[in-house]
Amino acid sequence: MKRLVLIDTQNFFHRAFYAFPLTLTTSSGEPINAVYGFASMLFNLAKELKPTHIAAAYESLEEPVFRQIDFPEYKGTRVPKSPEEQAAFEAQLPKLGEFLAAAGVAVLSAEGYEADDVMGTVAHTVISDKEEAKKGVEVVIASNDRDLMQLINGGVRFYLPAVGKQKTKFYGKKEFEEEYGFAPQNLVDYKSLRGDPSDNIPGVRGIGDKTARELIAKYGTLEEVYHHLLEVKPAVAEKLSADKEKAELSYKLAKIVDSAPLEFKMGDLQFGGLAQEAVLDLFKAWGFKSLTTKIFGEKVLEENQKEEDKSQLKLF
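Those letters in the sequence shown? Residues 187 to 502, per this note's numbering, in order.
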């Protein structure tokens, strides 16, 4: 069976940036911490998931994205990086592109859409393809952003990477429903009531996690919740009535698009592993010795070291 892994690139890259210190630099003093962290995460992911196909989803380079047009305050509460951090982060983006190209990881994006929408579109397209379905295909979405769990279905699973003491975890429909109490596709309905402070999605004022879960578990969708207001506790019904427009806006903001303007072929997403000559060349240039050992073996690292020693001797 084919396994297509979709990487939430910015999510991984941001986490990698903060997981390793800015003091991690190349021999010429350029910051490399985020690229090193990302490469480590991709190595672990590839080792565990063993993808036959892979793609890195990117955010749109064009701003604003459609959600910001509908709601200018969307993601407006996020704390910006310091000038030093921002400069170090942006300086590494070209190197991230170099690494993905060397590793044979396809990069996908759509103007005006977020990486979530790219993954939603790719997942929907692949699972809906009758020819691919006959051959057998599974899509795995890799991210620490639980918003993407709304895409889970029979052919799509969610991979939550390890963070701190939390181990990696797989979510299918069963695992999601056990944790949340409702179906994955109704996560967007839950968020339309609960809101999402991290993305500045307003939700309904006064509706917390517990109430939102209870309402969605009982009625399924936002629309059905409003169809049954007379059955809801008066205090809750009053809040829902007062913020109906915000709930509907929140639904629109939280809903991941599965029809973004995106063209790709499964054949273009084939993955041959990280042990590529081009990757080794980059690791040499950047000084990634431990990753070189993990991916290429101790012997290759020793050969690289001998070459470096010879180069140093020629200088004298």
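All C-beta atoms in this analysis are idealised placements derived from N, C-alpha and C, irrespective of residue type, glycine included.
Exercise for the section: Please report how far the alpha carbon of Pro207 lies from the alpha carbon of Asp385, in whole angstroms. Expected result: 26 Å
Handout entry: For Lys359 and Lys419, the rounded distance between their alpha carbons
Key = 30 Å
Practice task
Below 7 Å CB to CB, which residues in the same chain sit around Phe257 once its five sequence neighbours on both sides are set aside?
Solution key: Leu435, Leu439
Practice task
Could you check the C-alpha separation between Ala319 and Arg391 for me, to the nearest Å?
Solution key: 43 Å
Exercise for the section: Going by CA-CA distance only, name the one from Phe362, Ala202, Gly215, Pro383 that's closest to Thr263. Expected result: Pro383
Problem - Euclidean distance between Cα positions of Lys470 and Pro266 - result: 33 Å
Practice task
Identify the continuous beta strand (DSSP E) that holds Tyr345 and give its terminal residues.
Solution key: 342–346
Handout entry: Span of the beta strand (DSSP E), counted from its first residue to its last, around Ile193
Key = 188–194
Exercise for the section: Check Gly483 in the structure and name its three-state DSSP category. Expected result: coil
Practice task
Verify whether the separation of the beta carbon atoms of Tyr462 and Ala288 is less than 9 Å.
Solution key: Correcting the residue type first, residue 462 is Gln in the shown sequence and not Tyr. For Gln462 and Ala288, yes; Cβs fall inside 9 Å.
Practice task
Taking the CB atoms as reference points, tell me whether Gly322 and Gly458 lie closer together than 9 Å.
Solution key: no
Problem - CA-to-CA distance, Thr209 to Pro217, given in whole angstroms - result: 7 Å
Practice task
Using the DSSP secondary-structure output, state which residues sit across from Ala292 in a beta bridge.
Solution key: Ala241
Exercise for the section: Assign Ile255 to one of two classes, buried (16 or more other C-beta atoms within 10 Å of its C-beta) or exposed (fewer than that). Expected result: exposed
Handout entry: Rounded separation between Gly453 and Ala241 - CA only
Key = 11 Å
Practice task
Enumerate in chain order the residues of its own chain whose CB-to-CB distance from Met227 is below 7 Å, with the five nearest sequence positions on each side excluded.
Solution key: Phe198, Ala202, Pro347
Practice task
Please determine, among Gln371, Ser213, Ile442, Glu365, the residue with the shortest C-alpha to C-alpha distance to Arg253.
Solution key: Ile442
Problem - Stretch pair the stretch 393–402 + the stretch 443–452: three plus CB contacts closer than 8 Å - result: no
Practice task
Confirm, please, whether the CB-CB distance from Gly389 to Ala433 is below 9 Å.
Solution key: yes
Practice task
Count the other C-beta atoms from every protein chain shown that fall within 10 angstroms of the C-beta of Lys344, then say buried if there are 16 or more, exposed otherwise.
Solution key: The sequence shown places Phe at residue 344, rather than the Lys named in the question. Buried, since its Cβ has 16 or more Cβ neighbours within 10 Å.
Problem - Straight-line gap, Ala428 to Glu284 (C-alpha atoms, nearest Å) - result: 51 Å
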